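Let me begin by presenting the structure, written as structure tokens, before commenting on it.
Numbering (full-length UniProt numbering), first residue to last: 1 to 64.
Spelled out as structure tokens, the structure:
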């Protein structure tokens with residue numbers, strides 16, 4: 001079965017369960033946590049919803 005491109009999908013769980021394409025960069029989260037910096041700057045594209053990032057992080061935390 002062909003994988004689908006996730007247009008308009010904002011739920012990480014459905015990305016995994018419905019076999020959509022996605023790029024897993026979760027290994028970067030471990031680097032950020034273990035870095036030990038006092039200040040972190042997360043640059044994001046314009047109109048990028050911060051809720052999506054928080055949902056993604058909470059989903060990853062629940063999965064692992």
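Glycine residues also receive a C-beta, built at the ideal position from the N, C-alpha and C atoms.
Keep in mind that this is a model prediction, so the values were computed, not measured.
Query raised in the report: With distances taken from CA atoms, which of 29, 38 and 7 is nearest residue 21?
Result: Residue mapping note: residue 21 aligns to position 21 of the chain shown, counting from 1. Among 29, 38 and 7, the Cα nearest to that of residue 21 is on 7.
Query raised in the report: Starting from residue 29 and walking both ways along the alpha helix (DSSP H), at which residues does that stretch end?
Result: The sequence position of residue 29 within the chain shown is 29, counting from 1. Note, residue 29: alpha helix (DSSP H), 27-35.
Query raised in the report: For residue 3 versus residue 24, is the C-beta distance shorter than 8 Å?
Result: Start at 1 with the first residue of the chain shown, and residue 3 comes out as number 3. Start at 1 with the first residue of the chain shown, and residue 24 comes out as number 24. In this structure, residue 24 does not lie closer than 8 Å to residue 3 by Cβ.
**Report entry** Close beta carbons around residue 5, own chain, < 8 Å, minus the five adjacent residues each side
**Finding:** Here residue 5 corresponds to residue number 5 of the chain shown, with the count starting at 1. These residues qualify, in order along the chain: 20 and 21.
Query raised in the report: Are the CB atoms of residue 41 and residue 32 nearer to each other than 8 Å?
Result: Locating residue 41 in the chain shown gives position 41, counting from the first residue. Locating residue 32 in the chain shown gives position 32, counting from the first residue. The answer is no: Cβ separation not under 8 Å.
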